[in-house]
Amino acid sequence: MIKTDILIIGAGPTGLFAVFEAGLLKLKCHLIDALPQPGGQLAELYPKKPIYDIPGFPEVLAGDLVDNLMKQIEPFQPGFTLGERAETIEKQEDGTFIVTSTSGLKHHAPVVAIAGGLGSFEPRKPLIPNIQQFEDKGVAYFIRNPEVYRNKKVVIAGGGDSALDWSIFLSEIASEVTLVHRRNEFRGALDSVEKVQELKKLGKITLITPAEVVGLSGVNQLETVVLQKADASEQALEADAFIPLFGLSPKLGPIADWGLEIEKNAIKVDNTLDYQTNIPGIYAIGDVNTYPGKLKLILCGFHEATMMCQSAYQRIHPDKRYVMKYTTVGGVHGFDGSIKEAPKAVVKSID
Amino acid sequence: MRDITITITDREGVSHTIEAPTDMNMNLMEVVRSYELAPEGTIGICGGMAMCASCQCYVESDHELPEKGDEEEAMLSEAFFVKENSRLGCQIPITPDLEGLKITLAPEE
Chain V
1 MIKTDILIIG AGPTGLFAVF EAGLLKLKCH LIDALPQPGG QLAELYPKKP IYDIPGFPEV
61 LAGDLVDNLM KQIEPFQPGF TLGERAETIE KQEDGTFIVT STSGLKHHAP VVAIAGGLGS
121 FEPRKPLIPN IQQFEDKGVA YFIRNPEVYR NKKVVIAGGG DSALDWSIFL SEIASEVTLV
181 HRRNEFRGAL DSVEKVQELK KLGKITLITP AEVVGLSGVN QLETVVLQKA DASEQALEAD
241 AFIPLFGLSP KLGPIADWGL EIEKNAIKVD NTLDYQTNIP GIYAIGDVNT YPGKLKLILC
301 GFHEATMMCQ SAYQRIHPDK RYVMKYTTVG GVHGFDGSIK EAPKAVVKSI D
Chain P
1001 MRDITITITD REGVSHTIEA PTDMNMNLME VVRSYELAPE GTIGICGGMA MCASCQCYVE
1061 SDHELPEKGD EEEAMLSEAF FVKENSRLGC QIPITPDLEG LKITLAPEE
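Line order of the protein sequences matches chains V and P. Note that my numbering has the first sequence beginning at 1, numbered continuously upward. Note that my numbering has the second sequence beginning at 1001, numbered continuously upward.
Given below as structure tokens:
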């Protein structure tokens, strides 16, 4: 069981900055995120895109903003449960919460802040009627353990980096790798495209383009993948595994069933005070929330995170007196013992 | 700059004839959102970077549209329900040339 003061669901920019604001109030944070790395959309979708509306940064790459936030919160030693989705929440008798993530790991905290953005990123599944029937019976949407594919016949579909990179990687392990894409052009790093080209010439990867996987069959296990080519002709391929890699799309997921008030695919919060939801002790900050006039901007998420932390502090320490302190005055005292503060002005008389 | 008239058929099959401004640097996806013709969170998910296909639409009039860029081509090549006349609304800026444009929103994935 992980114990913390504020459990943050979502490690995007809003969730990360909440760790800093909580740290100033001496509150510890732990973050859960479905993606394997922190940064949310910024890291997953557009790390190389410049952002122009972060106050004080005329231009900053999304990936650099995440790196900077990670550096900024480092003194406050946040914990991370990455690659796992927050599945269930149980309110305890004392008003605290236990959130269980995908692997069954339990997280216990008096305050939960949902900073889930657009939701957790889940694989986009192709529209093949019986695909669900073969999930875990040959069909997989991510590759957890490449060894599973040793000496197997593998069909990969997709036209991006992950389809290219996994085709290259599995060409060393699998007995056959077939890469299927709807177009002749691939969207990926030039190196990867060239490498696939080379492996195709060597006969290690079979490239079938333009084509689309339209059918799957097999008795208990996947046995055949049916392709449809541009001229509408069909081709059946023997296959032990089919791995569609069509990227990720965000889904609100299990959070939608937590009893929170939902409007327009977002969680309703009290924007007059502290971004608390209809369940006291659960807050929603950043793109995941909605209120009159809501703007889905990173800078608004930062503000909401700050207000949430002040309210969380009062909830956790109802009897303590506190006034907000500027970092220029109080500095930053990390939980790791590090201290950052403004240098003292020199007071010296001039003769 | 004047407004133009666009006809948009939503995902329920209901047709809406709306006015769109040509001087606000808006794209077709944003126009659909501004009139709330598709629920929030089901359109323009990536914000307009051609990184999702939630604003896919079928162009039903024969207007000359800006050519697809590489990113749009790539996204449409991985999207579902794609037809010959599919476009991403976020990649179509609203200009006076689009007066009378007719589109239908593609189904939600």
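C-beta atoms are modelled at their ideal positions from N, C-alpha and C, and glycine is treated no differently. Fair warning: this is a prediction, and the values are worked out from it, not measured in the lab.
For residue i, the nearest candidate out of the options (CA to CA)
i, options, result
"Leu7 (chain V)", "V:Pro75, V:Gly63, V:Glu74 and V:Ser101", "V:Ser101"
"Asp274 (chain V)", "V:Glu261, V:Pro254, V:Leu260 and V:Ala305", "V:Ala305"
"Leu24 (chain V)", "V:Lys344, V:Val329 and V:Arg187", "V:Val329"
"Gly138 (chain V)", "V:Asn220, V:Thr327, V:Leu199 and V:Glu341", "V:Asn220"
"Cys1057 (chain P)", "P:Gly1069, P:Glu1099, P:Pro1039 and P:Glu1084", "P:Glu1084"
"Leu245 (chain V)", "V:Phe142, V:Ser171, V:Ile208 and V:Val288", "V:Phe142"
"Ser103 (chain V)", "V:Ser175, V:Pro78, V:Pro50 and V:Met1", "V:Met1"
"Tyr326 (chain V)", "V:Ala174, V:Arg144 and V:Phe20", "V:Phe20"
"Gly119 (chain V)", "V:Gly259, V:Ser217, V:Gly253 and V:Ser311", "V:Gly253"
"Asp136 (chain V)", "V:Ala189, V:His181 and V:Phe242", "V:Phe242"
"Ala211 (chain V)", "V:Asn265, V:Lys26, V:Leu16 and V:Ile156", "V:Ile156"
Burial state of residue i, where buried means 16 or more other Cβ atoms lie within 10 Å
i, result
"Gly117 (chain V)", "buried"
"Asp355 (chain V)", "Because chain V is modelled from 1 through 351, residue 355 (chain V) falls outside the range shown and cannot be assessed."
"Met1024 (chain P)", "exposed"
"Leu248 (chain V)", "buried"
"Arg1033 (chain P)", "buried"
"Arg124 (chain V)", "buried"
"His1016 (chain P)", "exposed"
"Lys320 (chain V)", "exposed"
"Pro250 (chain V)", "buried"
"Asp94 (chain V)", "exposed"
"Val346 (chain V)", "exposed"
"Gly1013 (chain P)", "exposed"
"Arg85 (chain V)", "buried"
"Ala1053 (chain P)", "buried"
"Phe335 (chain V)", "exposed"
"Pro36 (chain V)", "exposed"
"Ser175 (chain V)", "exposed"
Proximal chain V residues relative to residue i, where beta-carbon distance stays under 8 Å
i, result
"Ile1117 (chain P)", "Only positions 1001 to 1109 of chain P appear in the structure, and residue 1117 (chain P) is not among them; the question remains open."
Partners in chain P for residue i, counting only beta-carbon separations shorter than 7 Å
i, result
"Lys264 (chain V)", "Pro1039, Glu1040 and Gly1041"
"Gly159 (chain V)", "Ala1074, Ser1077 and Glu1078"
Chain-ordered chain P contacts of residue i [CB-CB under 9 Å]
i, result
"Phe246 (chain V)", "Glu1078, Ala1079 and Phe1080"
Near the ligand ZN: residue i beta-carbon under 7 Å from a heavy atom
i, result
"Tyr149 (chain V)", "As presented, the structure is devoid of all ligands, the ligand ZN included, so that no description of it is given."
Supposed contact pair residue j and residue i - C-beta distance, whole angstroms, cut 8 Å
i, j, result
"Thr81 (chain V)", "Leu105 (chain V)", "6 Å"
>> By the 7 Å beta-carbon criterion, what residues does the region 285-314 of chain V contribute toward chain P?
In response: none
>> Can you pull out the residues from the region 25-52 of chain V whose beta carbon lies closer than 9 Å to at least one beta carbon of chain P?
In response: Gln41, Leu45, Tyr46 and Lys49
>> What are the residues in the region 1051-1082 of chain P lying within 7 Å of chain V by C-beta distance?
In response: Met1051, Cys1052, Ala1074, Ser1077, Glu1078 and Phe1080
> Which residues, taken in chain order from the region 1022-1034 of chain P, show a beta carbon closer than 8 Å to some beta carbon of chain V?
Replying inline: none
>> Under 8 Å, CB to CB, which of the residues in the region 166-198 of chain V have a partner in chain P?
In response: His181, Arg182, Arg183, Glu185 and Arg187
>> If the cut-off is 8 Å on Cβ atoms, which residues from the region 125-157 of chain V count as contacting chain P, listed in chain order?
In response: Pro126 and Leu127
> Going along the chain, which residues of the region 1092-1109 of chain P sit with their C-beta nearer than 8 Å to a C-beta in chain V?
Replying inline: Glu1109
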